[in-house]
Amino acid sequence: MKKNILPFIVLIFAFVSCKDEIIPKPKNLIPRDKMEEIIYDLAILEAARTQNSSVQNFIKPTEFIKNKYKVDSLTFAKSTQYYASDIKEYKKMYDEVKERLTNDNDKLSGKKEVTPVETVPENGIVK
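The sequence shown begins at 25 in this note's numbering and counts up one residue at a time.
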């Protein structure tokens, strides 16, 4: 009888332990779409840094992100930790960023046609 109870207790323990969030949601959580934008920009900055050493002297990624997105480093770190705690969702974010980078690369290399951006006249009326 004891042998039958042990697997049952282990199963219940596993179910209960998976129910709670590992990382609590931060108060100032960066929205998912904004987080993807930040990851995208960081990827571009890292690529630029590795291609041209003079970029290292001009652009500091953390300062760029702070200024562009009005996000402090603690908020970014906590948001990253929170999103990374759900590995499936975090992978989806990175897959979307990767797809965007691939599309941008295809446009720049001529593999994909670039759609022209329609300009809006000064009066704001598009015909």
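For each residue, glycine too, the CB sits at the ideal point set by N, CA and C.
Should residue i go down as buried or exposed, given a rule of 16 or more other Cβ atoms within 10 Å for buried?
i	result
ILE83	exposed
PHE103	Correcting the residue type first, residue 103 is Ser in the shown sequence and not Phe. Buried, by the Cβ-count rule.
TYR118	exposed
Between which residues of its own chain and residue i is the CB-CB distance below 8 Å, once the five residues before and five after are set aside?
i	result
LYS26	Interpretation of LYS26 is limited by its pLDDT of 48, a score under 50 that renders its predicted location unreliable; no figure is taken from the coordinates.
TYR114	TYR107, ALA108
LEU98	none
Near residue i, what residues of its chain come up, given a Cβ to Cβ distance below 7 Å and the 5 sequence neighbours on each side ignored?
i	result
ILE46	SER109
For my contact list, residue i and residue j are in at a C-beta cut-off of 8 Å; report their separation, rounded to the angstrom.
i	j	result
ILE89	PHE100	7 Å
ASP65	LYS92	7 Å
How is residue i classed by DSSP in three states: helix, strand or coil?
i	result
ILE46	coil
ASP130	helix
LYS135	coil
ILE83	coil
ASN52	coil
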